[in-house]
Amino acid sequence: MHFFNFDIKKALLIIFIIIVPVFLMTLDRSKTENNILFRSFAFINSKIQLFYYSLSSSVYQTTDTYLNLIHTRKKNRELEKENTQLKSRLTLMKEVQQENKRLNTILNFKQTSRIQFIVAQVIGRDPVSEYQLITINRGYTHKIKKNMIVVNEKGVIGYIFRVFSHFSQVILLTDPHAAIPSIVQRSRVHGVVEGIDRNKCQLKYLKSRDDVKKGDIIVTSGRNILSMGGFPIGTVTEVKKQQHGLTQEVTITPFINSSQLEEVLIVNKIHSFQEQL
Amino acid sequence: MFTNYKMAFLNYSVMMLLILLITMIQNSLLPSFFGTHIPIHLWIPCLIYWGLYRRTGETVFMIYFIALSIASSSSLLTGYLLTFNGLVLLTLLLFKRIYYTSWVFFSTGCALTLIFFPLLIWVFAQIVGGPFYFHGFLSELGGALLTWIFSFALLSLFQWIDYLTITKPKEHKRPGVL
């Protein structure tokens, strides 16, 4: 049979493995991902990831507990000593806090704010390791919403990418698809941080005359989708200015280590000091 | 290939569940052993197995199943994965014409696909204008080597399941024989 003879099987094959995928590539992400099939797959996958996570964490905890027992007695004595010292300090701190509250009320101080976090654990990573999406065990039942900023003690990790009932997916700032509106802390120049690889990001859309230097700290600007500003992202490690170009290339080293994430904090709400009182 | 519909249903159910477990193990459990810097793609041997030992229609179904399964936990677009899987299937259909000793063919198919995966993602990124991230030559090589080693165990496992559900691969009479 000649290859170019019409054959319904060949036609279907071409449709399903060439035309449909290429068409899907041209579509917007929201059109292909907001359907029940996609969400069902995500749900099943999260359950499997949770199973693997509980399996690995129980093995890890058992090993860890055994290893810890060896040094427990020695550590216990040290901790008891430290505890006594901390208790006395705490009493002192409580006094200072009370005084601080009184003074703030008198001064009608409105700027001070406190951040409310939701703690989550990382239960899975991106199956295609060229990309960096992590799955966490908190979803919209835990008041998680799309585009909330995710941080740890070092700085910004990324933001909520997809939300499901009991889990969410976080796109790391080092993922090539991530984009975070940011600002240079020193000169207040605005740009967008996009991922390059696990250890590097770039600050894009800067004019060639914008003031950026090596060592500058980049923080979230709080513009557009990510409404909370001031969270540290990373340090500028390289600035390349083209002689006749309109823009400049700024490379950033993020504060976080994307391969060592276990617990993360989702920024839920910023309470003003007045609300706290 | 299938003796009855019950067996076919059983075979498909077990295979789909197994593929889900395999694709998810690489991003939940394996990073604890090998770290996150080595890219292991365990779904590629699954794809090659279906491409080689199943009919084209069945493989197309599995291509969509694998792509949806991975894309739902990844920031990679479904269209990218489907196009890649489709190209792999087309290549396999061409190579089937020069078919020889099966496990050699299977392992060669896996190795070549693993090498071409980052390359093709790069090509897509150039054409469509999307982002691309490369782990580094040694990491990619290490990941490909580990996946290739795992692929032998996966081949035996798939053959065993097919043997139990009476859908033996064309070349093998006994399970677990490479």
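Chains as they are written, first to last, in the working numbering: chain A, 1 to 277; chain B, 1001 to 1178. For every residue, glycine included, the Cβ atom is placed at its ideal position computed from N, Cα and C.
Within the same chain, show all residues whose beta-carbon is closer than 8 Å to that of residue i, passing over the 5 residues directly before and after it, in chain order.
i: residue 145/A; result: 160, 163
i: residue 177/A; result: 131, 171, 195
i: residue 1009/B; result: none
i: residue 1150/B; result: 1040, 1042, 1045
i: residue 1082/B; result: 1063, 1064, 1067
Going along the chain, which residues of its own chain have a beta-carbon closer than 6 Å to the beta-carbon of residue i, five neighbours each way excluded?
i: residue 123/A; result: 49, 50, 53, 135, 137
i: residue 1080/B; result: 1124
i: residue 1051/B; result: 1059, 1089, 1092
i: residue 1142/B; result: 1038
i: residue 169/A; result: 133, 135, 161, 162
i: residue 261/A; result: 122
i: residue 82/A; result: none
i: residue 240/A; result: 249
What distance in whole Å lies between the Cβ atoms of residue j and residue i, which are believed to be in contact at a cut-off of 8 Å?
i: residue 251/A; j: residue 207/A; result: Actually they are not in contact, since the Cβ atoms of residue 251/A and residue 207/A sit about 17 Å apart, beyond 8 Å.
i: residue 180/A; j: residue 190/A; result: Residue 180/A to residue 190/A, Cβ: 12 Å. No contact.
i: residue 218/A; j: residue 203/A; result: 6 Å
i: residue 198/A; j: residue 174/A; result: 6 Å
i: residue 55/A; j: residue 1029/B; result: 7 Å
i: residue 257/A; j: residue 1069/B; result: Wrong, their Cβ atoms sit about 28 Å apart, outside the cutoff.
i: residue 1032/B; j: residue 38/A; result: With 8 Å as the limit, residue 1032/B and residue 38/A do not qualify as a contact, their Cβ atoms being about 28 Å apart.
i: residue 34/A; j: residue 143/A; result: Contact doesn't hold; Cβ gap of about 21 Å is too wide.
i: residue 127/A; j: residue 1075/B; result: Not a contact, Cβ separation roughly 11 Å.
i: residue 119/A; j: residue 263/A; result: 6 Å
In whole angstroms, give me the CA-to-CA distance for residue i and residue j.
i: residue 220/A; j: residue 149/A; result: 9 Å
i: residue 1115/B; j: residue 1018/B; result: 24 Å
i: residue 75/A; j: residue 68/A; result: 10 Å
i: residue 1057/B; j: residue 231/A; result: 51 Å
i: residue 1162/B; j: residue 1014/B; result: 10 Å
i: residue 1/A; j: residue 1095/B; result: Any answer about residue 1/A is weak, because its pLDDT of 49 lies below 50 and its placement is not dependable; what the coordinates show is given next. Answer to the nearest angstrom: the Cα atoms are 19 Å apart.
i: residue 1045/B; j: residue 1065/B; result: 14 Å
i: residue 1152/B; j: residue 1004/B; result: 28 Å
i: residue 15/A; j: residue 43/A; result: 29 Å
i: residue 167/A; j: residue 186/A; result: 37 Å
i: residue 1016/B; j: residue 65/A; result: 37 Å
i: residue 22/A; j: residue 40/A; result: 23 Å
i: residue 165/A; j: residue 141/A; result: 6 Å
i: residue 73/A; j: residue 259/A; result: 33 Å
i: residue 115/A; j: residue 152/A; result: 13 Å
i: residue 1047/B; j: residue 1036/B; result: 23 Å
i: residue 92/A; j: residue 212/A; result: 43 Å
i: residue 84/A; j: residue 77/A; result: 11 Å
i: residue 1122/B; j: residue 79/A; result: 53 Å
i: residue 1098/B; j: residue 1027/B; result: 35 Å
i: residue 88/A; j: residue 71/A; result: 26 Å
i: residue 26/A; j: residue 1111/B; result: 29 Å
i: residue 1104/B; j: residue 63/A; result: 40 Å
i: residue 248/A; j: residue 210/A; result: 9 Å
i: residue 1144/B; j: residue 1034/B; result: 13 Å
i: residue 97/A; j: residue 242/A; result: 52 Å
i: residue 154/A; j: residue 188/A; result: 21 Å
i: residue 1108/B; j: residue 1053/B; result: 15 Å
i: residue 266/A; j: residue 117/A; result: 5 Å
i: residue 1156/B; j: residue 245/A; result: 57 Å
i: residue 1140/B; j: residue 1085/B; result: 19 Å
i: residue 1024/B; j: residue 13/A; result: 28 Å
i: residue 30/A; j: residue 24/A; result: 11 Å
i: residue 1020/B; j: residue 193/A; result: 34 Å
i: residue 8/A; j: residue 36/A; result: 30 Å
i: residue 1160/B; j: residue 233/A; result: 50 Å
i: residue 285/A; j: residue 222/A; result: The structure shown does not extend to residue 285/A, since chain A spans only 1 to 277, so no value can be given for it.
i: residue 86/A; j: residue 94/A; result: 12 Å
i: residue 102/A; j: residue 229/A; result: 28 Å
Per the DSSP calculation, residue i is bridged to which residue(s)?
i: residue 197/A; result: 200/A
i: residue 1144/B; result: In DSSP, residue 1144/B forms no bridge with anything.
i: residue 142/A; result: In DSSP, residue 142/A forms no bridge with anything.
i: residue 207/A; result: 247/A
i: residue 254/A; result: 234/A
i: residue 190/A; result: 183/A
i: residue 263/A; result: 121/A
i: residue 151/A; result: 156/A, 265/A
i: residue 240/A; result: 249/A
i: residue 133/A; result: 171/A
i: residue 282/A; result: Outside the shown range of chain A, which is 1 to 277, sits residue 282/A, and nothing can be said about it.
i: residue 162/A; result: 169/A
With a threshold of 7 Å (Cβ to nearest heavy atom), would residue i be considered close to the ligand FAD?
i: residue 199/A; result: For the structure depicted, the ligand FAD is absent and the ligand set is empty, with no information on it obtainable.
Please work out which residues of its chain come closer than 7 Å, Cβ to Cβ, to residue i, disregarding the five sequence neighbours upstream and downstream, and give them in chain order.
i: residue 1119/B; result: none
i: residue 237/A; result: 214, 251, 252, 253
i: residue 139/A; result: 163, 164, 165, 166, 167, 168
i: residue 1078/B; result: 1067, 1068, 1071
(message) Just to confirm the assignment: which complete alpha helix (DSSP H) runs, minimum length 4, are found wholly within the segment 1075 to 1121 of chain B?
(response) 1078 to 1095
(message) Runs of 4 residues minimum, wholly inside the segment 5 to 72 of chain A: which ones carry the alpha helix (DSSP H) assignment?
(response) 8 to 14, 20 to 26, 29 to 33
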